[in-house]
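Engineer: Would you mind keeping the following structure in view while I ask a few things?
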Amino acid sequence: MAPRGLKIVPVKVDKEGMLATGPGGLKDVLENWDTQKGKRPHLMYTITIGQNPTSGILSVERRKEIYSICSEYDIVIIEDDPYWHLQYPSAVSSEASARNLSHPAPVSTKSSAQKSSGFPFLDSLVPSYLSIDTDGRVVRLDTFSKSIAPGCRLGWVTAQPNLIERLLRVTEGTTQAPSGFVQAMVAQVIMEPQSKDPKSGPSGWKVDGWVRWLEGLRGSYERRMQIMSTVLEEGRFTIQQNLTVNEEDVEWAVVKKAEMYNFSWPRGGMFLWLQYNFASHPLSREVEGPRLAKALWFWLTRKPYLALVSPGQQFEAVDGSVGLDGWRYARICFAAVKEEDVQAVSARYTKGVESFWHLTNVKSIKGIEAWAASEQREMEDVANLGVGWAC
Numbered sequence: 002m003a004p005r006g007l008k009i010v011p012v013k014v015d016k017e018g019m020l021a022t023g024p025g026g027l028k029d030v031l032e033n034w035d036t037q038k039g040k041r042p043h044l045m046y047t048i049t050i051g052q053n054p055t056s057g058i059l060s061v062e063r064r065k066e067i068y069s070i071c072s073e074y075d076i077v078i079i080e081d082d083p084y085w086h087l088q089y090p091s092a093v094s095s096e097a098s099a100r101n102l103s104h105p106a107p108v109s110t111k112s113s114a115q116k117s118s119g120f121p122f123l124d125s126l127v128p129s130y131l132s133i134d135t136d137g138r139v140v141r142l143d144t145f146s147k148s149i150a151p152g153c154r155l156g157w158v159t160a161q162p163n164l165i166e167r168l169l170r171v172t173e174g175t176t177q178a179p180s181g182f183v184q185a186m187v188a189q190v191i192m193e194p195q196s197k198d199p200k201s202g203p204s205g206w207k208v209d210g211w212v213r214w215l216e217g218l219r220g221s222y223e224r225r226m227q228i229m230s231t232v233l234e235e236g237r238f239t240i241q242q243n244l245t246v247n248e249e250d251v252e253w254a255v256v257k258k259a260e261m262y263n264f265s266w267p268r269g270g271m272f273l274w275l276q277y278n279f280a281s282h283p284l285s286r287e288v289e290g291p292r293l294a295k296a297l298w299f300w301l302t303r304k305p306y307l308a309l310v311s312p313g314q315q316f317e318a319v320d321g322s323v324g325l326d327g328w329r330y331a332r333i334c335f336a337a338v339k340e341e342d343v344q345a346v347s348a349r350y351t352k353g354v355e356s357f358w359h360l361t362n363v364k365s366i367k368g369i370e371a372w373a374a375s376e377q378r379e380m381e382d383v384a385n386l387g388v389g390w391a392c
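Just so we're on the same page, the numbering used here is the position in the sequence shown counted from 1, plus 1.
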């Protein structure tokens, strides 16, 4: 967006998504806007389902709060919803069970104005901002890229007619239409009737078949999420032992359980957002956090771990928007791994993190840095792969 001349202003988020009120929330940003920075923003971009990278799902109640603020300050809402059908109702209860916590009340998936779609699966999902849009200020973006094939690069926009007409004119003068071949292929899949005899010719899904496909796809990704989250949950802690010799030359050991990272089980989307607890690392007093984080990333890319995660700094809307500590975080994609491989890959990752937490000599960190420097060109290619692994 920045190359197009747009000024980006971050808004604070929590596990659910964008905050409506409180310090750093939308109301706070707009109410206390410094006009010396320019005009107050009038466009809000948001991913409300499976928020990338945190995987949060914005409740209907929070949407109403944010919509009210947008109405007050005349904000157009760009709702990017590529992961709308990937909502995981099992995540909350599974996380609570794994951590022996009380089960929270379920998130509301209904708005007062919502009408039935005729499909129970779609009606079970948290609805779009469109369901509460009384002003015509919502522009919703959908795509086939996350449901049919990543290479489709085909989607659609839902908004009030006047906005759609303007978008059409802009498109005609710039990108024009997407790939004709892809349009024809997707149209046939969605609109062609299903054939009872596969040998008789092409067979489509029609809309009801497409919805069944989306429900099955949700189930497939939800199973991957469950497997990865379970493995990471089991590997959150490591045992640390410190040997001490007292004045009588008696040696004794202090054994403690240290949390290496924490995360919320993904509520939707394709990603798991993890926060490292570098303060529990044995070298945290000798090596600064960002340096430890970088060494860990290199460490994980080596054999036998071969785990590639995306560093948190990559998801800062502007420098420092993750709170000046993006290095504490990592985004892990479970969608790009075959279901039968998720457990093994996740186990490699947790073993890699634990082995890194067992490094107790600064020379080990220097050794990792020296190795990375010697493999600089290759590591740059690996880093670029991590950036592009956006799903």
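Note that the Cβ used here is the ideal one computed from N, Cα and C, for glycine as well.
Quick caveat: nothing in here was measured; it's all calculated off a predicted structure.
1) If you draw a straight line from the C-alpha of residue 198 to the C-alpha of residue 187, how long is it?
2) Give me, in chain order, the residues of the same chain whose beta-carbon lies closer than 6 Å to that of residue 204; leave out the 5 immediate sequence neighbours on both sides.
3) Rounded to the nearest angstrom, what separates residue 157 and residue 367 at their Cα positions?
4) Relative to the C-alpha of residue 333, which residue among 379, 266, 289 and 377 is closest?
5) On the DSSP letters alone, give me the boundaries of the alpha helix (DSSP H) that residue 369 sits inside.
6) Would you check if the segment 275-293 and the segment 57-76 touch, i.e. whether three or more CB-CB distances between them fall below 8 Å?
7) For residue 53, count neighbouring C-beta atoms within 10 Å of its own C-beta (all shown protein chains included) and say buried if the count is 16 or more, exposed if not.
8) Compare the C-alpha of residue 236 against each of 349, 88 and 117 and name the closest.
9) Just to confirm my understanding: we take residue 329, look at its own chain, exclude 5 residues before and 5 after, and list those with CB closer than 6 Å. What are they?
10) Helix or strand or just coil, what does DSSP make of residue 263?
11) If distances are taken between C-alpha atoms only, which option among 272, 297 and 32 comes closest to residue 316?
12) Can you tell me which of 327, 97 and 318 puts its alpha carbon nearest to the alpha carbon of residue 7?
13) Helix or strand or just coil, what does DSSP make of residue 286?
14) Using C-beta distances below 6 Å, list every residue in its chain close to residue 144, excluding the 5 sequence neighbours before and after it, in chain order.
15) How is residue 52 classed by DSSP in three states: helix, strand or coil?
16) Between which two residues does the alpha helix (DSSP H) containing residue 45 stretch?
17) Report the rounded CA-to-CA distance for residue 100 versus residue 270, giving the unit in angstroms.
18) Here's the rule I'm using: 16 or more other beta-carbon atoms within 10 Å means buried, otherwise exposed. How should residue 9 be labelled?
19) In angstroms with no decimal places, state the Cα-to-Cα distance between residue 130 and residue 261.
Structural biologist: In terms of the structure at hand:
1) For residue 198 and residue 187, the distance between alpha carbons rounds to 21 Å.
2) 195 and 196
3) Straight-line measurement puts the Cα of residue 367 at about 50 Å from the Cα of residue 157.
4) Put simply, of 379, 266, 289 and 377 the residue whose alpha carbon is nearest the alpha carbon of residue 333 is 266.
5) 363-375
6) no
7) buried
8) 349
9) By the criterion of a C-beta distance shorter than 6 Å, residue 329 is surrounded in its chain by 276 and 277, once the five residues flanking it on both sides are discounted.
10) strand
11) Considering only 272, 297 and 32, the residue with the shortest C-alpha distance to residue 316 is 272.
12) 318
13) coil
14) 83 and 156
15) coil
16) In the DSSP assignment, residue 45 falls outside any alpha helix (DSSP H) and within the unbroken beta strand (DSSP E) covering 44-47.
17) 22 Å
18) That one is exposed.
19) 37 Å
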